[in-house]
Amino acid sequence: MVFCALPSPVWSWGFFAHKHINRYAITTLPPAMFAFYKTHLRFLTEKSVNPDKRRYVVKDEASKHFIDVEIYRSSLVDRQKLLLSQAVATYGHKILETHGSLPWAILDVHKALTTAFKDKDIAKILKLSADLGHYVADAHVPLHTTQNYNGQITSQEGIHALWETRLPLLFFDTYNLFVGQAIYIEDPLTHIWNIVLQSHALVDKVLALEKQLSLTYPAIEKYSFEQDSNLLKKQYALAFATAYHQALQGQVEERLKQSIIEVGNFWLTAWVNAGSPNLNDIRIKLPMQDEEDKLLQEGIILKGIRGCGEEK
1497 MVFCALPSPV
1507 WSWGFFAHKH
1517 INRYAITTLP
1527 PAMFAFYKTH
1537 LRFLTEKSVN
1547 PDKRRYVVKD
1557 EASKHFIDVE
1567 IYRSSLVDRQ
1577 KLLLSQAVAT
1587 YGHKILETHG
1597 SLPWAILDVH
1607 KALTTAFKDK
1617 DIAKILKLSA
1627 DLGHYVADAH
1637 VPLHTTQNYN
1647 GQITSQEGIH
1657 ALWETRLPLL
1667 FFDTYNLFVG
1677 QAIYIEDPLT
1687 HIWNIVLQSH
1697 ALVDKVLALE
1707 KQLSLTYPAI
1717 EKYSFEQDSN
1727 LLKKQYALAF
1737 ATAYHQALQG
1747 QVEERLKQSI
1757 IEVGNFWLTA
1767 WVNAGSPNLN
1777 DIRIKLPMQD
1787 EEDKLLQEGI
1797 ILKGIRGCGE
1807 EK
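Residue numbers (the working numbering): 1497 to 1808.
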C-alpha cells in the first residue's frame, strides 16, 4: 500500500468535470450542429482531458490553462481587453509563460476551429472542439486566475483540488446543469476577458470561506484517509467539504453551468463564422488514433512544469 498525502495531483476542473462539461455543452447546440456533435459524443467527452495530459508532454502547454490577472490588470483596456500582441510587447514571452496565457489560447483554438469548419476537416473539428471546451472551462475556475492558485501564499495549500475536483465529485449529482441554448458571441476577445474577470472576482470569497471554516475544524477533523486502488490518500473530510460547499452557496454549480453554456457558445460561434457549413456530409469514421494520442500514451515527461499538486 502506498501513502499519498495532500495535495494530490491537481487537474483543472478534474477529469470528471471536464468530461461532463463537454458532454452537456453538446445539448446547447442548434439542430444543425447537434446531430454531428452527438454522433461524436464519446470522442468529445474522452478527449476533453487531453490538454491536461499534454501539460506533461508539450513544453508550452501549461501556461495555456491559467492567467494571473494580478500581473496583467494594469494593461487591460476598460478592464476587458488585452490582445496577445499587446501582452507580448509589454511583458515579453517569459512573463506569459510564467503567469499564463489562457485567454489567448482560447482565441487561438477558436480561430483554428473556425478554419477546420470551413475545411470540413472532421479530425480537426473534433480535436479542436474538445480542446476548446477544456480551455473555456478552465477560464471559469477562480483559482485559475490568480497567483495564489493553490492557496500557497495564504497557507491554504490544497484548496485548488478541494474547489475544482473534490466538491464536483461529491456533489455533482445534486446539480442542475441544463442551461438552455448556445448563442453567438459578437466579440470573442471582450467575451473571454469578461469570463476571466468574473472568475477572478470570486477568488477572495473562495479563499476567505475556506480560511474561516478551517478555524473551526482541527486537522484531525478537516482531513480523512480514503482508499483509492492501492493508494491510501489524505483527503478533505466529507464533513469539511460539505460545510465548505454549503458556505459557497452554489458557486461551484454556477461556474459549471457557465462553463457548459460558454463552451456551446464558442463552438457555435466558430461554426457560424465559418459560414455555417452543412455537417451532415462529413460523417466519416474518425481515425482510431492520431499522433497526439500516440505521444500521450508514450508518456514523454518534460521538465519545467509545476509539480504535483501545484498545477493550475
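Just so it is clear, CB atoms sit at the ideal spot from N, CA and C, and this is done for glycine as well.
Return helix, strand or coil for Gly1596, following the three-state DSSP convention. Reduced to three states, the DSSP call for Gly1596 is strand.
Spatial neighbours of Leu1775 within its chain, please: CB distance less than 6 Å, with the 5 preceding and 5 following residues excluded, ordered by chain position. If you ignore the 5 residues before and after Leu1775, its C-beta comes within less than 6 Å of the C-beta of Phe1532, all in its own chain and listed in chain order.
Name the one or two DSSP bridge partners that Glu1722 has. DSSP output for Glu1722 lists Lys1729 as bridge partner(s).
Counting C-beta neighbours from all protein chains within 10 Å, is the total for Asp1777 16 or more, i.e. buried, or is it exposed? Result: exposed.
List the endpoints of the continuous alpha helix (DSSP H) containing His1741. In the DSSP assignment, His1741 falls within the unbroken alpha helix (DSSP H) covering 1734 to 1743.
Residue range of the alpha helix (DSSP H) that includes Ser1571: Bounds of any alpha helix (DSSP H) do not take in Ser1571, whose DSSP letter is neither H nor E.
Just how far apart, CA to CA, sit Ser1755 and Val1632? Between the alpha carbons of Ser1755 and Val1632 lies a gap of roughly 7 Å.
What is the C-beta distance between Leu1624 and Leu1609, in whole angstroms, given that I count them as a contact (C-beta under 8 Å)? Leu1624 to Leu1609, Cβ: 4 Å. Contact.
Roughly how many whole angstroms lie between the Cα atoms of Asp1564 and Phe1512? As the crow flies, the alpha-carbon of Asp1564 is around 25 Å from that of Phe1512.
Length of the line joining the Cα atoms of Ala1739 and Val1675: Each residue's alpha carbon lies about 26 Å from the other.
Smallest Cα separation from Ile1688: which of Tyr1520, Thr1535, His1741, Thr1641? Selected option, being the one with the closest Cα: Thr1641.
Determine the extent of the alpha helix (DSSP H) in which Ile1688 is found, giving its start and end residues. Its alpha helix (DSSP H) spans residues 1684 to 1696.
Does DSSP put Ile1563 in a helix, in a strand, or in coil? When DSSP states are grouped into helix, strand and coil, Ile1563 belongs to the strand group.
What is the rounded straight-line gap between the Cα of Gln1731 and the Cα of Val1702? Going by the C-alpha atoms only, they are around 18 Å apart.
Beta-carbon proximity check, Ala1542 vs Arg1551, cutoff 9 Å: Here residue 1542 turns out to be Glu, not Ala, going by the sequence shown. No, the Cβ-Cβ distance between Glu1542 and Arg1551 is not below 9 Å.
Please determine if the stretch 1666 to 1686 and the stretch 1519 to 1538 are in contact, where contact requires at least 3 C-beta pairs separated by less than 8 Å. By the Cβ test, the stretch 1666 to 1686 is in contact with the stretch 1519 to 1538, since at least three Cβ pairs between them sit closer than 8 Å.
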